[in-house]
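Counting from 678, one number per residue, gives the positions in the sequence shown under the numbering used here. Think of the CB as a built atom: it goes at the ideal place given N, C-alpha and C, for glycine as much as any other residue.
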Amino acid sequence: MAADRLYESTETGRLPALSDGVIAIVITLLVLDITVPDLPPGASEAAIVAAVLAQGSQFVGYVLSFLTIGLYWTLHRRAFTYIDRHDRGVVWLNLLFLLLVSFVPFATSVFSTVETQLAVAFYAVVLAATGLALAILWMYAGRRQLVSEGLGSRVVVIDAARYLATPAVFALSAAVATVDTRWAIASWLLLLPINGFLQSRLSEAFEGE
678 MAADRLYEST ETGRLPALSD GVIAIVITLL VLDITVPDLP PGASEAAIVA
728 AVLAQGSQFV GYVLSFLTIG LYWTLHRRAF TYIDRHDRGV VWLNLLFLLL
778 VSFVPFATSV FSTVETQLAV AFYAVVLAAT GLALAILWMY AGRRQLVSEG
828 LGSRVVVIDA ARYLATPAVF ALSAAVATVD TRWAIASWLL LLPINGFLQS
878 RLSEAFEGE
């Protein structure tokens with residue numbers, strides 16, 4: 678069937694190339710959301726500093742989104758290091774991931790300017806959905822045996838856990854945000870030890886292959 682047609686490595690390489698371009702544009706759009714303070718001519722240095730500091734939430738949103746998209750990009754790049762052929766399912770799942778990544782600047786703007794529980798939850802849901810789309814892409818490729826033949830099943834499973842970790846934390850924080858936004862934002866710090874642990878397990882799995 679045409680829907681089951683497999684495309685080999687030459688064609689597969691076009692997917693990460695497209696994705697790199699989209700992600701580059703997205704992270705550029707993030708910084709454009711940081712507005713220049715509206716100050717009168719001849720404003721004092723103290724007034725300028727105060728105006729910039731008043732935009733702290735915009736800078737926080739920018740850094741958080743930049744780092745998260747950066748993490749997703751590294752995971753996407755890793756996935757296509759091992760996905761050496763693809764079918765239409767991979768194409769559409771990759772497009773879904775890009776659709777959600779492209780939505781992150783808007784979610785960041787909402788998070789940075791509307792300081793409510795709903796805004797934090799909305800931001801977390803968008804980042805969770807983006808990461809989940811990437812995780813589904815990886816698991817689909819593994820189940821369809823579209824990854825390198827030398828990649829062991831244990832590596833595929835541990836990698837899947839690593840792909841799911843970040844969206845799981847964001848999904849949990851979305852629920853926490855309905856109660857306390859400070860705890861929701863603080864929970865994002867869990868991404869550091871969780872990803873570090875899974876990376877060490879992944880290294881052990883590779884050594885055991």
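- The region 760 to 828 contains, as complete alpha helix (DSSP H) runs of 4+ residues, the segments 765 to 790 and 794 to 820 (chain order).
- Cβ-Cβ distances below 7 Å link L707 to Y739, S742, F743, P782 and T785 in the same chain, with the five nearest sequence neighbours on each side left out; the list follows chain order.
- A residue is called buried once 16 or more other Cβ atoms fall within 10 Å of its Cβ, and L804 is buried on that count.
- If you compare the alpha carbons of A848, T855, Q876 and R754 with that of W865, the shortest gap goes to A848.
- Straight across, the Cα-Cα distance linking I704 with A854 is about 25 Å.
- One thing to note: V802 has its Cβ within 8 Å of the Cβ of A851.
- Taking 8 Å as the upper bound for CB-CB distance, L752 and L811 are in contact here, some 6 Å apart.
- In this structure D836 is buried. Its beta-carbon is surrounded by 16 or more other beta-carbon atoms within 10 angstroms.
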